[in-house]
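Here is the structure we will look at, set down as structure tokens.
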């Protein structure tokens with residue numbers, strides 16, 4: 015643990031120095047790209063320290079979480095500066111397409127920030143949703159949102175943004191041990207099934223969600239009585255194809271269950287249970303409208319018989 019934390023401190027400090035140094039944007043990004051394989055390993059190792067610790071996070075685990083947040087945020091800054099520089103000089107032919115990889119890197123780092131927050135019950139950092147939505151919308155308007163940005167994973171900007179949306183709609187703060195990672199795995203395996211729409215024509219409005227591209231807010235269910243997200247640039251999210259695919263997979267898994275497989279794999283049971291919950295969350299959103307309203311109410315945490323007795327004695 016100590017070696018990982020110390021290494022993360024050094025890398026975070028170096029990336030911070032690069033972001034604040036007098037370099038042109040392309041040189042800065044080139045240097046951050048050199049660090050990227052290292053930061054990916056460090057983020058995995060830091061995740062193993064803080065993601066499954068008791069809450070509130072003990073000091074060492076909180077330090078690991080803060081470092082992971084810092085590395086992800088600082089890594090995205092270098093690409094943001096390049097995007098800002100390039101979008102100010104779009105006269106040159108082909109410059110727009112040069113933003114494919116920088117925007118992809120920004121979104122992957124912002125997805126990492128979201129995942130870190132969900133795993134530790136922290137709020138998603140302010141501005142992340144607004145930046146991610148604006149970048150996706152820009153890429154879509156310029157025609158490269160679905161172009162392959164990562165040759166190894168064959169993923170694109172749209173894939174990462176869709177993962178952000180659907181993970182946020184999976185009730186992420188209620189997901190159990192390692193389930194955030196499993197949801198992402200399912201989304202990786204079923205890419206290209208999310209559709210954006212500008213009207214409810216041809217879809218069931220009760221099974222759709224809405225995102226405001228010009229607001230710093232997560233998507234919400236499109237149900238009667240739910241306050242729409244702030245913003246003027248709205249788009250409907252239609253997960254019907256994804257839900258259908260998960261239903262087919264769950265049905266196939268249920269039909270193939272036998273004594274041998276049931277005894278062999280508890281993991282299969284857990285995955286089937288998760289898929290069933292995701293089908294309900296993504297395919298029947300009205301049931302969640304009362305759980306998703308923000309609230310300022312307090313909660314009392316207690317453990318043990320004495321603590322429970324004390325709590326019950328409150329007026």
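Numbering (the working numbering), first residue to last: 15 to 329.
Heads up, the beta-carbon is just placed ideally off N, CA and C, and yes, glycines get one too.
Neighbour-count burial assignment, residue i, 16 or more Cβ in a 10 Å radius
{"i": "residue 178", "result": "buried"}
{"i": "residue 213", "result": "exposed"}
{"i": "residue 66", "result": "exposed"}
{"i": "residue 280", "result": "exposed"}
Backbone secondary structure at residue i - three-state DSSP
{"i": "residue 234", "result": "strand"}
{"i": "residue 19", "result": "helix"}
{"i": "residue 86", "result": "helix"}
{"i": "residue 279", "result": "coil"}
{"i": "residue 199", "result": "helix"}
{"i": "residue 166", "result": "coil"}
{"i": "residue 302", "result": "Only weak support is given to the placement of residue 302: the predicted model assigns it a pLDDT of 46, under 50, and the value that follows is read from those uncertain coordinates. Note: residue 302 maps to helix in three-state DSSP."}
{"i": "residue 100", "result": "helix"}
{"i": "residue 138", "result": "coil"}
{"i": "residue 80", "result": "helix"}
{"i": "residue 215", "result": "coil"}
{"i": "residue 152", "result": "helix"}
{"i": "residue 258", "result": "helix"}
{"i": "residue 249", "result": "strand"}
{"i": "residue 105", "result": "Per-residue confidence for residue 105 stands at a pLDDT of 46, beneath the threshold of 50, marking its modelled position as unreliable; the derived number appears in the next sentence. In the structure shown, residue 105 sits in coil (DSSP, three-state: anything other than H, G, I, E or B)."}
Beta-carbon proximity list for residue i, same chain, < 6 Å, skipping 5 on both sides
{"i": "residue 205", "result": "173"}
8 Å Cβ cutoff met for residue i and residue j
{"i": "residue 155", "j": "residue 124", "result": "no"}
{"i": "residue 93", "j": "residue 52", "result": "no"}
{"i": "residue 249", "j": "residue 210", "result": "yes"}
{"i": "residue 139", "j": "residue 127", "result": "yes"}
{"i": "residue 95", "j": "residue 31", "result": "no"}
Where the alpha helix (DSSP H) containing residue i begins and where it ends
{"i": "residue 188", "result": "Element bounds for residue 188: n/a, residue is neither H nor E."}
{"i": "residue 126", "result": "114-134"}
{"i": "residue 53", "result": "39-64"}
7 Å CB neighbourhood of residue i in its chain, flanking five on each side removed
{"i": "residue 137", "result": "131"}
Contacts around residue i, its chain only, beta-carbon distance under 8 Å, and the 5 residues preceding and following it disregarded
{"i": "residue 141", "result": "230"}
{"i": "residue 302", "result": "Only weak support exists for where residue 302 lies, its pLDDT of 46 falling under 50; the value from the coordinates is given anyway. Cβ neighbours of residue 302 beyond the five flanking positions: 185, 235 and 295."}
{"i": "residue 259", "result": "204 and 207"}
Closer than 7 Å: residue i CB and nearest the ligand PLP heavy atom
{"i": "residue 72", "result": "For the ligand PLP, the structure offers nothing, since it holds no ligand at all."}
Residue i - containing beta strand (DSSP E), residue span
{"i": "residue 226", "result": "223-226"}
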